[in-house]
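Here the protein sequences come in this chain order: A and B.
Under the working numbering, the first residue of the first sequence carries the number 1, and numbering increases by one thereafter.
Under the working numbering, the first residue of the second sequence carries the number 1, and numbering increases by one thereafter.
Every residue gets a Cβ at the ideal spot worked out from N, C-alpha and C, and that includes glycine.
Computed from a predicted structure; not experimentally measured.
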Amino acid sequence: MRRKDVPQDRGLFGEWKEVSYAVDDDGRYTMVPSAGWEPANIANNMAWESIEAEVGAVLSKVRAGELSPLAYHMARHQMDPGLLAGYAGLFRWQVRRHMKPAPFRRISTAIAERYAAIFRITTEELMATPECDPPAGTRK
Amino acid sequence: MPDVIPSFPHRQSAHCESGVAANLLTHHGLPLSEAMAFGIGSGLFFGYFPFVRINHLPLTTFRTAPGWIIRKVGRRLGVRVTFRTFRDEASGMAELDRLLSEGVPVGAQTGVYWLPYFPPALRFHFNAHNLVVCGKEGDSYRISDPVIGEPVLCGAADLTRARFARGPLAPNGKLFFLTNVPKTVDPVPAIREAIRDVCRLMTRIPIPLIGVRGMRYLANRVESWPSRLGERGALLYLGNVIRMQEEVGTGGGGFRFIYAAFLQEAAAVLDEPRLLDFSQRMTAIGDHWRDFAVAGARLCKGRPQGNDDFPALARIVRECADAEDGLFRELDSSMRSGRHAVRR
């Protein structure tokens, strides 16, 4: 890649710039700041779209009473049962069980507080069915 | 009283691990560029592991496993690198504070999901990020994160969370710092050993998922994705390879450009002009990987041009594999026969 070809396609990073390696006119390598590159932006966008699609799908299942609000918070934080189990110090099967509405309503206060702390929300927010449309994940 | 190491030489880099290695060594009186650290640490690699899933997608990597660069740089330059992991958060943070109070800049492996200063678009559950903690100010830590332009402040709670992130490659609070740093080092044997190591990894590991064999395997898989996964799945897999190749931290072209920069610098250090040719060829290979990303992204976007399709993408990967195969074999024999030949 030549220095003048270092892409400056602003995508999702805002003001922030990454470092690219490119050769200048004398053929010497230099480090050049890059605002982003369209193909990488497209791939990154695709990853976020699939996360957002997942959040939307889970949210409608929560509203339909098929999944518990926990499943929604997990999707928002890109967590699968194994990952959340790791953070909460529970077994994977326990988290899976808590993704069902009825068992979730019966979880102890201690476990609800543990989950809430991980997602940095209150226990009320944890237990309530999310009302608004899905926020755009953690990307903003 | 703020505990800060004011002179820590923060430089933004392309890749976190080579950046941390270069900045730490520079701080300890061995000035080193990022590309040199990447090269001496034999950071270049390729691996495609369909049975290892990250977010349900097969693991594709253009670099060696996390931690290898720092270990290898330390070993080859005769610097001792001490690693510590921790069972619990309190002792992990206490040890960090103790080291900082002694004026030692401390490397840390972290997840990126909980780092508040990280670009939000890159906050995935990726746990093999590296940074340097170079001071404590009140309840916050001064952090030299090599992918960020300036040292930043990060709250203790956020840093704790990032250091004890869970999931694949969980860091368990891993800290590392340099001890026994020699006054001067002879980089020549280190560079030669490092180059030969990469040549071995890329061409002589008899596992079909690694090195140029892994690239050819990926090419075959790329061809079969549409029929095995359907259109949507195939595009998701493709997008994932493009991200691993181009998204932040690779310096472009799946680390091929940064390695070309290393070969160029090595040519001067070893006084071996032949390495300049290898550097140029490496640049061309990086450019060809970029062609793969461009064509692949057009497919992802639903705007294919000409003959953009999965077989054409597979062909590009095969061409990269052939080019790298030839390059690393020749590079290896040139290192064996050169002026400062190393014997194994």
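### Message
If we define contact as Cβ-Cβ less than 7 angstroms, is A/G86 a contact residue for chain B?
### Response
yes
TODO: Could you confirm whether any beta carbon from chain B is found closer than 7 angstroms to the beta carbon of A/Q94?
DONE: no
_Within a Cβ cutoff of 6 angstroms, which residues of the same chain sit near B/S42, ignoring the five residues on either side of it in sequence?_
K72, A194, D197 and V198
Original post:
Quick one: complete alpha helix (DSSP H) runs, 4+ long, within the region 39-127 of chain A?
Top reply: 69-76, 81-88, 92-98, 101-105, 109-119 and 123-127
Closer than 7 angstroms, Cβ to Cβ, to anything on chain A: give me those residues from the region 7-30 of chain B, in chain order.
-> Q12, S13 and A14
| task | Can you give me, in chain order, the residues of the region 48-75 of chain A that have a beta carbon less than 9 angstroms from any beta carbon in chain B? | result | W48, S50 and I51
Note to self: With a threshold of 6 angstroms on Cβ separation, who are the neighbours of B/R228 within its own chain once the five nearest residues in sequence on each side are excluded?
What the structure shows: none
At least one CB of chain B closer than 7 angstroms to the CB of A/T138: is that the case? Residue placement at A/T138 is flagged as unreliable, the pLDDT there being 46, under the threshold of 50; the coordinate-derived value follows with that caveat. Closer than 7 angstroms: yes.
Give the residues of chain A in contact with B/L236, contact being defined as C-beta atoms less than 8 angstroms apart. M46 and S50
(Q) So B/A35 and B/F262 are supposed to be a Cβ contact under 8 angstroms. How far apart are they, rounded? (A) 4 angstroms
Rounded C-alpha distance that separates A/S50 from B/V185:
49 angstroms
* Compute the Euclidean distance between the alpha carbons of A/P81 and B/P168, then round it to the nearest angstrom. => 13 angstroms
Inset, instruction - Would you check if the distance between the CB atom of B/A266 and the CB atom of B/I191 is smaller than 7 angstroms? - result: yes
Taking a contact to mean a Cβ-Cβ separation below 7 angstroms, would you say B/G92 touches B/I5 in this structure? no
ask   = Listing by chain order, which chain A residues have their CB less than 8 angstroms from the CB of B/R166?
value = L83, G86 and Y87
Local Cβ density within 10 Å of B/T110, reported as buried at 16 or more and exposed below that = buried
- Query: Can you give the Cα-Cα distance for B/L77 and B/G47, rounded to whole angstroms?
  - Reply: 27 angstroms
Mind listing which residues of the region 36-47 of chain B have their C-beta closer than 9 angstroms to chain A's C-betas, in chain order?
none
Do A/L126 and A/A112 have their C-beta atoms within less than 7 angstroms of each other? yes
*What is the residue span of the beta strand (DSSP E) that B/H129 lies within?*
H129 to E137
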